[in-house]
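Participant: Dumping the structure here so I can ask a few things about it.
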Amino acid sequence: MNPSIRPETITTEQLQQWQEPATAEGYVEKAEATADGRIHIVGWGLIPFANTSTQRITLFIYNAQHAYKILAPNRPRPGISDYFGHKDLDNCGFDINFLSGDIAPGTYQVSFGIENNGSHAFSKQVPVSLE
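End of the sequence shown sits at 167 in our numbering; the numbers just go up one at a time, nothing left out.
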């Protein structure tokens, strides 16, 4: 676990600045509370066909009472370029862990936002219980 990865509390207005029709490609493949007191979130995302070597991925964890964001370091996801038939898309993965005590217990939506060369996109949300 990387101790420097911690959720940052954000306002509903800050979250709404990101939300628009879902234009990012990708998936939150896993978002779970682990037995050892961590939250583990895995997936991948990109703005369609933009070179992923320059993108930033921000994860959003939110419900009606709380909203958090986490800058997720990009991880290689070999095969994404081949799947889409377009080169330079493989640096689009994320795999983060943080302490479950860093967010309030509850049921949340998990989404991600992508920033890449002045463009940004938001993903569909995935409901998950992170208690």
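Each residue gets a CB set at the ideal place from its N, CA and C atoms; glycine is no exception.
1. Please classify residue 83: does DSSP put it in a helix, a strand, or coil?
2. Who are the near neighbours of residue 140 in its chain, counting only those whose CB is closer than 6 Å to its CB and skipping five residues on each side?
3. Tell me, which residues are paired with residue 166 by DSSP?
4. Roughly how many angstroms lie between the CA atoms of residue 75 and residue 153, to the nearest whole one?
5. Compare the beta carbon distance of residue 54 and residue 142 with 8 Å and say whether it is the shorter of the two.
6. Would you mind giving the Cβ-Cβ distance between residue 79 and residue 98, rounded to the nearest angstrom? I have them listed as a contact below 8 Å.
7. Would you identify the three-state DSSP class for residue 45, choosing helix, strand or coil?
8. What is the residue span of the beta strand (DSSP E) that residue 131 lies within?
Facilitator: Once the coordinates are examined:
1. Here the question's residue 83 lines up with position 47 in the sequence shown. If DSSP states are grouped into helix, strand and coil, residue 83 belongs with coil.
2. For the purposes of this step, residue 140 is taken as residue 104 along the sequence shown, with counting starting at 1. Only 102 meet the Cβ criterion.
3. Position 130 of the sequence shown, counted from the start, is the residue given in the question as residue 166. Looking at the DSSP assignment, residue 166 forms a beta bridge with 142.
4. Along the sequence shown, one-based indexing puts residue 75 at 39. Along the sequence shown, one-based indexing puts residue 153 at 117. Cα-Cα distance, rounded: 30 Å.
5. Within the sequence shown, numbered from 1, the residue matching residue 54 stands at position 18. Within the sequence shown, numbered from 1, the residue matching residue 142 stands at position 106. No, they are not a contact pair.
6. Reading the sequence shown from its first residue, position 43 is the one you call residue 79. Reading the sequence shown from its first residue, position 62 is the one you call residue 98. About 16 Å; that fails the 8 Å criterion.
7. Looking up residue 45 in the sequence shown gives position 9. Three-state DSSP puts residue 45 in a strand.
8. Your numbering for residue 131 matches position 95 in the sequence shown. Where residue 131 is concerned, the enclosing beta strand (DSSP E) starts and stops at 129-135.
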